[in-house]
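A.B. asks:
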Amino acid sequence: MPYTKKDLEELPISFCEKDQVWVLVESFGKVSWDGAKIPLDGRTYKTGGIITFQNGQVFRASFYVNTATWALIDPEHICIYIDEVWYQVAEPELLAKLNLSLSDIFPLSWQTDRPLDRYGQGPFILE
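Heads up: the sequence shown at position 101 corresponds to 137 in this note's numbering, and the numbers run straight through without jumps.
1) Three-state secondary structure (DSSP) at I141?
2) Tell me the DSSP bridge mates of A97?
3) To the nearest angstrom, report how far apart R79 and S139 are at their CA atoms.
4) State the start and end residues of the unbroken alpha helix (DSSP H) segment that holds L130.
5) If you follow the alpha helix (DSSP H) that L76 is in, where does it begin and where does it stop?
6) Check K41 in the structure and name its three-state DSSP category.
7) Keeping to the same chain, check which residues put their C-beta closer than 6 Å to that of L108; ignore five residues upstream and five downstream.
8) So is K82 buried or exposed if we call it buried at 16+ other beta carbons inside 10 Å?
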């Protein structure tokens, strides 16, 4: 389901803007993360970044980085921003809007606005 500006005003959801990072605490809370890098400390962070589709299209994005997993991100938690609307990366409305199929999107590359605290700063590939 796409999220409009009105949805963001009425629903308890939010997306990260450029350079914004939150660390998730407990089940439903979050606090702003002010560190220069996102640490690989076993916690989950929500952050802004860039997603590049297989076909070369680049979009502003908001997604979770789960530093307790090898993959770091899950496609179900990637949302991209187009024309003032947030879309989950593989939702039918987005695919129809961009006239794409999943094979046009995956594998995609991703990069956080603030670097991860690791060797090699990306972009990283998500199959």
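Virtual Cβ for every residue (Gly too), placed ideally from N, Cα, C.
Predicted model only: the values in this text are computed from it and were never measured.
C.D. replies: The answer reads as follows:
1) Numbered from 1 along the sequence shown, position 105 holds the residue referred to as residue 141. I141: helix per DSSP, three-state reduction.
2) For the purposes of this step, residue 97 is identified with residue 61 of the sequence shown, where counting begins at 1. DSSP lists G85 and I116 as partners of A97.
3) Start at 1 with the first residue of the sequence shown, and residue 79 comes out as number 43. Start at 1 with the first residue of the sequence shown, and residue 139 comes out as number 103. Roughly 31 Å separates the two Cα atoms.
4) Position 94 of the sequence shown, counted from the start, is the residue given in the question as residue 130. P128 to L134 is the span of the alpha helix (DSSP H), which, as asked, contains L130.
5) As a working mapping, residue 76 is identified with position 40 in the sequence shown. Note, L76: premise wrong, no alpha helix (DSSP H); not H, not E.
6) Locating residue 41 in the sequence shown gives position 5, where the first residue counts as 1. K41: helix per DSSP, three-state reduction.
7) Against the sequence shown, residue 108 aligns to sequence position 72. Once the five neighbours on either side are set aside, the close Cβ partners of L108 are V101.
8) Locating residue 82 in the sequence shown gives position 46, counting from the first residue. Under this definition K82 is a buried residue.
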